[in-house]
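First residue of the sequence shown: 19, per the working numbering; consecutive thereafter. Positions of the beta carbon are idealized from the N, C-alpha and C atoms, including for glycine. Just so it is clear, the structure is predicted and the values come from calculations on it, not from any experiment. Working notes, beginning with the structure itself.
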Amino acid sequence: MAEESKKKTSNKKVNTEAKAADTIVGDATAEIKNEEENTVEVTDTVNIPPEQADEAKPQPVAKENRRGGKALREENERLKERVLDAEEKYKRLLAECENIRQRNEKESTKLYDIGAKEVLAKLLPVVDNFERAMAAIPDEDKDRPFESGVANIYKQLMVSLEGVGVTPMNCAGEQFDPAFHDAVMHVEDESMEENVIVEEMQKGYMYKDQVLRFSMVKVAN
């Protein structure tokens with residue numbers, strides 16, 4: 019009896035477990051069916067009204083609006099012309115300013131040279147007196163302190179004049195040129211060619227490329 023009751027109890031457990039398994043399987047199968055019923059195939063077609071379909075289509079861009087409207091293009095062309103015109107005006111003004119600067123610089127230099135020539139020309143008699151004084155010093159006295167001091171001052175003066183552009187002509191033996199020389203005497207000298215400067219009686223000077231003082235010369239006929 020005890021064994022039969024045990025068998026019945028075990029059979030009840032087995033049956034209970036089987037029913038539970040069938041219940042779980044059944045629920046899972048029902049859920050899968052529900053999911054399959056609710057799934058929409060991609061290949062299914064959806065009916066859309068024609069007017070909505072036309073509105074959904076991308077609209078083509080008008081030809082005149084593909085690169086901006088006509089008014090916008092015209093405005094762009096006008097701006098380009100204004101830019102080119104402004105650039106040309108700027109170049110002309112820049113060239114004009116450069117010309118004015120160069121012209122003012124030349125005029126300033128010219129005025130400076132005119133003033134400098136007037137001052138330097140007044141110093142030339144002082145140079146002449148220095149040269150006469152040194153020419154009058156005997157050779158045996160040239161090494162004395164006073165005489166050597168005069169010579170040194172003369173050298174310093176000539177270096178200063180050369181530094182500002184004053185140079186002596188030293189034209190003895192050259193061909194006479196009225197643009198630089200002033201003939202004050204003519205001599206007959208067969209050893210010299212015609213119109214050759216025999217002697218420079220008063221030294222002439224140049225200031226840069228201009229005559230500061232004409233040379234007073236003796237010319238051979």
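| Asked | Found |
| --- | --- |
| Where methionine 219 and valine 235 are concerned, what is the direct C-alpha to C-alpha distance, given to the nearest angstrom? | 5 angstroms |
| Identify the residues that DSSP records as bridge partners of isoleucine 215: which are they? | Val237 |
| Curious, which full-length beta strand (DSSP E) runs of at least 3 residues does the stretch 130-217 contain? | 184-186, 199-205 |
| Contact between the stretch 148-155 and the stretch 124-131: three or more CB pairs below 8 angstroms? | no |
| Please determine if the stretch 131-144 and the stretch 224-231 are in contact, where contact requires at least 3 C-beta pairs separated by less than 8 angstroms. | yes |
| List the residues that DSSP assigns as beta-bridge partners of valine 229. | Met224 |
| Using the C-alpha atoms, what's the distance from leucine 138 back to serine 178? | 11 angstroms |
| By how many angstroms is the C-alpha of glutamine 193 removed from the C-alpha of histidine 199? | 10 angstroms |
| So, using beta-carbon positions, are leucine 230 and valine 202 closer together than 8 angstroms? | no |
| What residues in its chain sit with their C-beta under 6 angstroms from that of proline 5, if we drop five residues either side in the sequence? | Past the boundaries of the shown model lies residue 5; the chain is included only from 19 to 239, so the question cannot be answered. |
| Short check: CB of valine 216 to CB of asparagine 239, under 8 angstroms? | no |
| My assumption, with CB atoms under 8 angstroms, is that serine 166 sits in contact with lysine 173. Please give the rounded CB distance. | At roughly 10 angstroms, the Cβ-Cβ gap does not stay under 8 angstroms, so serine 166 and lysine 173 are not in contact. |
| With a threshold of 16 other CB atoms inside 10 Å of the CB of valine 182, please say whether the residue is buried or exposed. | exposed |
| Buried or exposed for valine 237, please, with buried defined as at least 16 other CB atoms from any protein chain shown within 10 angstroms of its CB. | buried |
| What residues in its chain sit with their C-beta under 7 angstroms from that of alanine 190, if we drop five residues either side in the sequence? | Ile215, Glu217, Glu218 |
| So, are the CB atoms of valine 145 and leucine 175 less than 8 angstroms apart? | yes |
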